[in-house]
Structure formats: structure tokens, C-alpha cells
Amino acid sequence: MLTIPFIRENKAAVIERLAIKNFTNTSLLDDVLELDEQRRLLQKESDDTLAETNKLAREIGEMYKSGKAQQANLLKETNADLKEKAKALGEQLEALKTQIQDKLVEIPNLPHPDVPKGRTPADNLIVYEEGQMPELPASAVPHWDLVSTYKLIDFELGNKVTGAGFPFYTGKGARLQRALINFFLDEAIAAGYREVQPPLLVNEASAYGTGQLPDKEGQMYTIGLDKLYLIPTAEVPVTNIFRDVILNESELPVRTTAYSSCFRREAGSWGKHVRGLNRLHQFDKVEIVEVAHPEKSYETLEKMRAHVSSVLQKLELPFRILKLCGGDMSFTSALTYDFEVYSAAQQMWLEVSSVSNFENFQANRMKLRFKDKEGNIQLAHTLNGSALALPRIVAALLENNQDENGINIPKVLQQYTGFERID
RNA sequence: GGAGAGAUGGCAGAGCGGUUGAAUGCGGCGGUCUCGAAAACCGUUGUCCGCUUUACGGCGGACCGGGGGUUCGAAUCCCCCUCUCUCCGCCA
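Just so you know, the first sequence maps onto residues 148 to 570 in the working numbering.
This is the structure in C-alpha cells:
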């Protein structure tokens, strides 16, 4: 959520930058500013009225003490009118605030000046690419065939027990999952992130805090009876740790990592590009989250990028990094790097990580602040990234490392899996 | 699930319905003392909103788990909700 003073003082620039994200509903900005103008007037009137009633109450008290009951009773009547007025003003004020808030949350974050223009994924900028493209044998097949041949993942069983997109991982497939999770967590911890294990369900306030609510409700699984939501990413519970928190400047940065299952409804996508592990309703992911000083957040973004890169390098996967264009960026992000690994049998680049700086957009919405050296309170910056999401990593690992009669496990994982080969 | 107790500032812990934004202690910050530190002593120490000021600041409003009510006036009384603790039951 953008701050109103910022919009007010930088309106032209805001409009210009939002256009990069293809957001052109500038009347929303006007509405917010105008409503806020009204709000301030109303605030003054309401405060003044309340001040008057407070004063009268004190006077009435004095009168009773000094035995002037009659005068006091007279004043009571005056005060009753004022109180009524104050109540009405208060209600108007609340309504106005809600109205402002509702509009404010519809305005996306400003893209960083480096963000390329564009509307579709095709406009994303490839900023980095590395790794050897594997040379596969003629017998090479996509991962959905491999997992069935070597009994690593059972989609049918998941289908029976839960539904499409909820696979069972079996045998070495299950072990590989566990190995990857531990590997990712160990890497994150070594990079300075503190591990937490978050709840997989969050309440409304948290879903609102990270922006899943009010308008992306349909993307989450909900527990209606208890008004809880299954998390689409660990970002939700982890970032909400800091909701309504004022940190000390000396505590920054706060680095957190969490493994969690993630649940996504993702209704309406079918076809070859979502086959097998490419898109699931439940999957596993290790997330990194950082609360950063505003002056350090882009430095932090680069560190996150370096961290994810190093993990992919250790897994010996060919990957590339995209700087997302305005049209492909998320609502909340100011700058996002997507990481894609090459899955050789599908001959497709698969997104395995997304690293973003939200600047103070999330922080403003959830009131995450810090007290600087001068004692001033300011909004912190938040960033997060996947490090990494499992399914597509698994897909690429299996496809890229296959030979005629088996699959080799990358060296770095072998101490975690306890085996060097699947056959 | 049954019975009871409670929710106050960073923490601990007071608080007769009327200058109580809230005693006191600890912690934090500033200072005195010291070569330096500790101790001691003095001072200071919440958040949000509005108005005002070149600025330090000043004034007003809101907030004592959340919501509603009683009252001229509520942290203090009443109702509802949430959460926590203790005892009992159940249990991975």
C-alpha cells in the first residue's frame, strides 16, 4: 500500500511509474487524495467537538463539587447535543477512512526505475544465464514418465485420496523431497537466515497483511468454519510475524527462512505446460524473507539473488535470471527477479524462484516500522524469495540427469539422499 | 469439554468513576562522578491522527485485549467476543 503523503507529494511521478505496470486508473489516485482532504477536515471538526465535550464534562464536575447543581444540569443539556454531534462526526469519519483504505489497497506498488516496460512475459529481460545445457540420450523422457518408471511420485494415488494436483511422493521420490528441503534450509541458514517453522493456516488479518485479501481470496484454500486460510506461501505467516511491530534500527536486517507446504487453488489452468510437477495444488518450498533498512534493500535484493544463484549452481542446473517487466510483475513488488531452470526433456524453462523487493509497500499495509537513530519511526522495507520451490527443481533434476537406465543425483545432494542414483 | 482467575506502557506491577497517558520498580536513553567502566545520583522515556511552528516545540483528539452500553465524565461500572493462566477430563 502506498502512503497518502507520498501520493500527494509525488502525484505526477506516481502516475508515470504506475503506467509502467500498465495501471492507468489515475482517477483512483484523485479519489484517494480528495477523500483524504475531506478526512482531515472532518478530523479537525470531530476533534474540536470532542475537545468541547471534554471541557464541559470537567466544568460540570466542578459545579457539582461546588454545589451548583442547577447550573450543572443546564450544561448537561448542552453537552448532550454536542455528544450527538461528535458521534455523528465520528461515524462519518470512520466511513471515510474505510472508503480511503478500500481505494488505497487497489493501487499497486510503484515499479523501480530499472523495471523494463512491457505487458507480457515475453517482455521480461534476461539478465543472466549460465550452466551447461545437458545432452540427453535419445531415450530421454519428461519427468512425468520418469517418476512413474522409477516409482517416485504417484499422481493417480493422490488423485484418489485427495484430487488432481496432490501427488504422493514415494520411496526415493519422498526421500529426494526431504533431501532437498534439508539442503535448501541448510544453505539458507549458512547464508544467515534464521529458521522458523510457521503455521500452515493463517487468520484473516494475516491474509490481509500480505495482500491475499481482500481480492485474491479465490487463490487460497479456506477453512470456512474457522475463518482460516491455507497458506499459498510461507511468506504469509513469516512476514506477518512483523505485523504491527516497531523494530529497533539496530535489529535490522532481520533474516528469516522457513520451509512449508504451500497450497494454491490456481483454478483454470490445464494442458501440457502444467503437466506432472509443473503445477500443483500442494507443493513444498523453502522461503527466505528479509526485513531491511530502506537504504539497504536493493543491496539485499542482490544478496538474495546471489544466494539463489549459488544454490542452483550447487545443484548443477542450467538457469537464467529474468528481470520482470512492468506488466508481468506482481501487484506488490517494486522489482522482481525470476529464476528459471532448464528442464531438458520438456525443453522448457521452468520458474523455480521469484525474488522481490517490496520496498515499504507491504510494510505500510501491515505497519512494520523501525525506530531510527534519531528516534523517528519509519517504515521498513521487506523482501522475499523462494530458495527454492521443490517441484520444478525435481522435474529438472530428474530430466537433466537421466541416462538410459537411471537418474544420477547431484553430488551436493547425495549426503542428504543417502543414495547416488535412482534406477 | 467442565470449573475458576485474569488481560494495564519494552518488561514487571499499582490503579477511590472526575487534570490518570496512567503510581512504582526494572530495562532503555541523556547527564554528573571516573583515566575508563561499574555503582550511586539527577533527568528523560508509548503509538496514531489533526491543527500549528523556519525549527526545538506547542495545542487538541484517540488508544489501558477487541466491540458495544451506562454516565455530564470510565482503565475503573454493565453486556458480548477473543485470548491467556490454574484445576479436572481427554489426548498425539
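C-beta: ideal position from N, C-alpha, C; glycine also. Since the structure is predicted, the reported quantities are computational estimates derived from the model, not experimental observations.
Contact annotation: residue 367 and residue 376 have beta-carbon atoms nearer than 8 Å. When only Cα atoms are considered, residue 300 and residue 541 end up about 11 Å apart. Sorting 254, 344 and 268 by C-alpha distance to the C-alpha of residue 487 places 268 at the top. Note on geometry: alpha-carbon atoms of residue 448 and residue 346 lie some 26 Å from one another. Between the stretch 456-471 and the stretch 234-251, the count of C-beta pairs closer than 8 Å stays below three; the two stretches do not touch.
DSSP, read as helix, strand or coil, puts residue 553 in strand.
Taken through DSSP and simplified to helix, strand or coil, residue 246 comes out as helix. Its chain contains 186 as the residues whose beta carbon lies nearer than 7 Å to that of residue 244, once the 5 sequence neighbours on both sides are disregarded; these appear in chain order.
Residue nearest to residue 510 within the set 558, 444, 485 and 547 is 444 (criterion: CA-CA distance). Shortest Cα-Cα distance from residue 429 to any of 403, 313 and 391 involves 313. Nearest to residue 569 by C-alpha distance, out of 545, 562, 184 and 494, is 545. Between the beta-carbon of residue 492 and that of residue 289 there is about 5 Å, and that keeps the pair under the 8 Å contact cut. Under the Cβ criterion (8 Å, minimum of three pairs), the stretch 220-233 does not count as touching the stretch 467-477.
Note on residue 533: 16 or more other CB atoms within 10 angstroms of its CB, so buried under the neighbour-count rule. Excluding the 5 residues flanking it on each side, residue 555 has same chain C-beta neighbours closer than 6 Å at 548 and 568, in chain order. Residue 264 sits exposed, since fewer than 16 C-beta atoms from the chains shown fall within 10 Å of its C-beta.
Just measuring C-alpha positions, the residue of 512, 517 and 537 sitting nearest residue 253 is 512.
In this structure, DSSP gives residue 199 a helical state, which the three-state scheme calls helix. In this structure, the beta-carbon distance from residue 438 to residue 399 falls below 8 Å. Around the beta carbon of residue 319, 16 or more other beta carbons sit within 10 angstroms, so the residue counts as buried.
Its chain contains 216, 218, 219 and 222 as the residues whose beta carbon lies nearer than 8 Å to that of residue 210, once the 5 sequence neighbours on both sides are disregarded; these appear in chain order. Between residue 341 and residue 326, the alpha-carbon positions lie close to 19 Å from each other. Where residue 528 is concerned, there is no enclosing alpha helix (DSSP H), although the beta strand (DSSP E) around it starts and stops at 528-536. In the three-state scheme derived from DSSP, where H, G and I count as helix and E and B as strand, residue 520 is classed as coil. Secondary structure within the stretch 347-371: the alpha helix (DSSP H) runs of 4 or more consecutive residues, fully enclosed, are 351-356 (chain order). Contact annotation: residue 517 and residue 256 have beta-carbon atoms that are not nearer than 8 Å.
Residue environment: residue 365 is assigned as exposed (fewer than 16 neighbouring CB atoms within 10 Å of its CB, all protein chains considered).
Take residue 463, set aside five residues on each side of it, and the residues of its chain with a beta-carbon closer than 7 Å to its own are 557, in chain order.
Residue 494 sits exposed, since fewer than 16 C-beta atoms from the chains shown fall within 10 Å of its C-beta.
Within a 10 Å sphere around the beta-carbon of residue 506 sit 16 or more other beta-carbons, which makes this residue buried. Only residues of its own chain outside the window of five on either side were considered, and among them 315 have a CB closer than 6 Å to the CB of residue 304, listed in chain order.
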